[in-house]
Amino acid sequence: MSFRAAWSLVLRKGGLGIRGIHSPGSTAHGKEKMSPYTNYHAQRSYPMPDEPFCAELNAEQQALKEKEKGSWTQLSHAEKVALYRLQFHQSFAEMNRRSNEWKTVMGCVFFFFGFTGLMIWWQRVFVFPKKPITLTDEWKAQQLQRILDMKGNPVQGLASRWDYERKEWKK
Amino acid sequence: MTSSALTKPQVRDLLAKRLRFCIHGSCSFCKFDVAAPRKKARADFYRNYDSMKDFEEMRKAGIFQSAK
Chain Y
3 MSFRAAWSLV
13 LRKGGLGIRG
23 IHSPGSTAHG
33 KEKMSPYTNY
43 HAQRSYPMPD
53 EPFCAELNAE
63 QQALKEKEKG
73 SWTQLSHAEK
83 VALYRLQFHQ
93 SFAEMNRRSN
103 EWKTVMGCVF
113 FFFGFTGLMI
123 WWQRVFVFPK
133 KPITLTDEWK
143 AQQLQRILDM
153 KGNPVQGLAS
163 RWDYERKEWK
173 K
Chain Z
13 MTSSALTKPQ
23 VRDLLAKRLR
33 FCIHGSCSFC
43 KFDVAAPRKK
53 ARADFYRNYD
63 SMKDFEEMRK
73 AGIFQSAK
C-alpha cells in the first residue's frame, strides 16, 4: 500500500501540471488541497481524520454543507454519498482493495537473489584466494583417519559408526 | 437476578497449571526417551570393553607421542 502511495506521490509531485490523476472508481472531487499526508491517503489505522478531504468547496458543495446542518432525513442518497466523498478520500472497501503489488515485490526479490548469486559466483572465480591446506580433500581424509584411530566418541558418536574389522562405515 | 445454568470457568492459576503439565511432560520425556537410551548405550559399550586391547590398537595406529 505504501509502495502505491509513494509512487502516486512521486507522480503528483513530479508533474505539477498533472492535477487530474484520480484513483480509479472515485467520483469527481472538488479541488484537492495538497494536505498533510495523514489525510492524503486513507489509512485503516486513522479512519477519521480531523480535516475533511476536500477543504475548498465550490458553491454547490457549500450549499450541500449548509443542508447537512439541518435534518439528515432530508438528504437524498446521492447527496449523502457526495458528502461522504467530500469528507473522506476513500471508503474502507476502496482502501482495502487487493492489488497485484505482491507479484512485483516477489519478482524484484527473486531478481536480486539471482543477481546476488551471480555476484558471489563471480567473486568465487576471480576474487577468493586459494583454499587453506587444511581444507583440501587429502588433508581432510587424513584428519578423519586420525580421529578414527583415536576412537573419538566410541559410544554413540563418530567412531561407533566405523567398522574397524572391515575398515568401512557400518551399514 | 436468576442464576443460570452456566458454570464459572476456571480463572485462577492458569499459568501454574500449564507449567506443571509442561514440566511434568518434559521431565518424563527426558527421563525415558533421552537419558535411558544413553545410559543403556554406555552400559553396553563398557560391558565387554577391554581397555588394553583398545590401547594397543591406538598405539599401532601411531597416534601416541610417548608410546610408540
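Protein chains in written order, with my numbering: chain Y, 3 to 173; chain Z, 13 to 80.
Using N, Cα and C, we set each Cβ at its ideal position, and we do this for glycine too.
Since we're looking at a predicted model, the values are computed, not measured.
Checklist entry - In terms of DSSP beta bridges, what is D165 of chain Y paired with? => result DSSP, once it has assigned bridges, lists Y:E170 as partnering D165 of chain Y.
Next on the checklist: Which residues in chain Y have a C-beta closer than 9 Å to the C-beta of M70 of chain Z? List them in chain order.
Outcome noted: Within chain Y, the residues near M70 of chain Z are D151, M152, K153.
Next on the checklist: Out of Y:Q144, Y:T136, Y:P54, which one is the CA nearest neighbour of R87 of chain Y?
Outcome noted: Out of Y:Q144, Y:T136, Y:P54, Y:P54 has the C-alpha closest to the C-alpha of R87 of chain Y.
Checklist entry - Of all the alpha helix (DSSP H) runs that stay within the bounds of the stretch 66–137 of chain Y, which reach a length of 4 or more residues? => result As summarised for the stretch 66–137 of chain Y, the continuous alpha helix (DSSP H) elements at least 4 residues long and confined to that stretch are 79–89, 94–97, 103–128, given in chain order.
Next on the checklist: With H, G and I counted as helix, E and B as strand and the rest as coil, what does DSSP make of Y48 of chain Y?
Outcome noted: Three-state DSSP puts Y48 of chain Y in a strand.
Checklist entry - Got a sec: which bits of the stretch 156–170 of chain Y sit with their beta carbon under 9 Å from any beta carbon on chain Z, in order along the chain? => result So the list reads P156, V157, Q158, S162, Y166, given in the order they occur along the chain.
Next on the checklist: Which residue marks the beginning of the alpha helix (DSSP H) containing E53 of chain Y, and which one marks its end?
Outcome noted: Looking at the DSSP string, E53 of chain Y is not in any alpha helix (DSSP H), and its letter there is neither H nor E.
Next on the checklist: I'd like to know whether the C-beta atoms of D151 of chain Y and M70 of chain Z end up nearer to each other than 8 Å.
Outcome noted: Taking 8 Å as the Cβ cut-off, D151 of chain Y and M70 of chain Z qualify as a contacting pair.
Checklist entry - Going by the beta-carbon positions, is the gap between F112 of chain Y and A44 of chain Y smaller than 8 Å? => result No, they are not a contact pair.
Next on the checklist: Can you pull the chain Y neighbours of R54 of chain Z, defined as C-beta to C-beta under 9 Å?
Outcome noted: Correct list: V157, Q158.
Checklist entry - By the 10 Å Cβ neighbour count, where 16 or more other Cβ atoms means buried, how is K153 of chain Y classified, buried or exposed? => result Burial check for K153 of chain Y: the Cβ neighbour count within 10 Å reaches 16 or more, so the residue is buried.
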